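In what follows, a structure is listed as structure tokens, so that the remarks can point back to it.
In my numbering, the protein residues as written are 3 to 209.
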């Protein structure tokens, strides 16, 4: 009997298995929760298999993008592992805790999408004189943006790509690259200026 009441050690051989016959599902969930808090990797793998599909479905329905949903799913479980000390069984079941993390990550992804659009708009602002030209102009802007990014000095290009495509803040970019924050801000400012100027010239040439 004692081997069935130990929390973390007993999870290793049964972590990937469904709840034993006659064992309430909540008991199995409690075992996984204890394993998570104890940093048991087998328990964490079982948690991922058990709730991964639910998290992915929530993300897909909210974001409407399979790639973003995959990213959010990964972020949820990375966040759960890193923040496992914040899981308190007395406050609610493990599944509900994971759903809460999922909702926050979805909100973050939607906010990042908005920031990304704002950054692109910032880079293209002033490059479209007169009324919008519709879908053709939007495609042209995207092509010009990619082209002008490729022409930037490597430091400026790296900073803007981290901001555009990985949604990193300037502080996060400084941490990622090892650059001083002031240098990151300078590269971002100069890079955006060159992007705007290059895109204006590109649109004039294709007019």
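The C-beta atom is built at its ideal place from N, Cα and C for all residues, glycine as well.
In this text, all values refer to a predicted model and were calculated from it rather than measured experimentally.
(message) Considering only their Cβ atoms, is the gap separating residue 104 from residue 61 smaller than 8 Å?
(response) As a working note, residue 61 is residue 59 in the chain shown. As a working note, residue 104 is residue 102 in the chain shown. In contact: residue 61 and residue 104 (Cβ atoms closer than 8 Å).
(message) Taking the alpha carbon of residue 31 as the reference point, which residue from 198, 89 and 193 has its own alpha carbon closest?
(response) Sequence index remark: in the chain shown, residue 31 carries index 29 (1-based). Selected option, being the one with the closest Cα: 89.
(message) What does the Cβ neighbour count give for residue 109, buried or exposed, with the cut at 16 atoms within 10 Å?
(response) The residue labelled residue 109 in the question sits at position 107 within the chain shown. By the 16-neighbour rule on beta-carbons within 10 angstroms, residue 109 is exposed.
(request) Report buried or exposed for residue 86, applying the criterion of at least 16 other Cβ atoms within 10 angstroms of its Cβ. (result) Counting from 1 along the chain shown, the entry for residue 86 is found at position 84. With 16 or more other Cβ atoms within 10 Å, it is buried.
(message) As a quick exercise: from 159, 189, 96 and 111, pick the residue whose alpha carbon is nearest that of residue 1.
(response) Lying outside 3 to 209, the shown extent of the chain, residue 1 is not represented and no answer is given.
(message) Mapping the DSSP letters down to three states, classify residue 44 as helix, strand or coil.
(response) Walking along the chain shown from the start, residue 44 turns up at place 42. The answer is helix: DSSP assigns residue 44 an H, G or I state.
(request) Report the three-state DSSP secondary structure of residue 88 (helix, strand or coil). (result) Stepping through the chain shown from its first residue, residue 88 is reached at position 86. Residue 88 falls in the helix class under three-state DSSP.
(message) Let me check understanding here. Comparing Cα to Cα, which of 71, 34 and 194 lies closest to residue 107?
(response) In the chain shown, counting from the first residue as 1, residue 107 sits at position 105. Nearest option by C-alpha distance: 71.
(request) Measure from the alpha carbon of residue 114 to the alpha carbon of each residue in 101, 63, 170 and 99, then state which is nearest. (result) The residue given as residue 114 occupies position 112 in the chain shown. For the set 101, 63, 170 and 99, the Cα lying nearest the Cα of residue 114 is the one of 170.
(request) Along the alpha helix (DSSP H) that carries residue 171, what are the first and last residues, could you check? (result) Against the chain shown, residue 171 aligns to sequence position 169. Neither: residue 171 is in no alpha helix (DSSP H) and is coded neither H nor E.
(request) Round the Cβ separation of residue 45 and residue 34 to the nearest angstrom and send it over; I've been treating them as touching at under 8 Å. (result) Translated into the one-based positions of the chain shown, residue 45 becomes position 43. Translated into the one-based positions of the chain shown, residue 34 becomes position 32. Contact between residue 45 and residue 34 is confirmed by a C-beta separation of about 5 Å, below the 8 Å threshold.
(request) Look at the alpha carbon of residue 53 and the alpha carbon of residue 97, and state the distance between them as a whole number of angstroms. (result) Looking up residue 53 in the chain shown gives position 51. Looking up residue 97 in the chain shown gives position 95. Here the C-alpha atom of residue 53 lies approximately 7 Å from the C-alpha atom of residue 97.
(message) Can you give me the C-alpha to C-alpha distance between residue 184 and residue 75, rounded to a whole angstrom?
(response) The residue labelled residue 184 in the question sits at position 182 within the chain shown. The residue labelled residue 75 in the question sits at position 73 within the chain shown. Near 33 Å, if we compare the C-alpha coordinates of residue 75 and residue 184.
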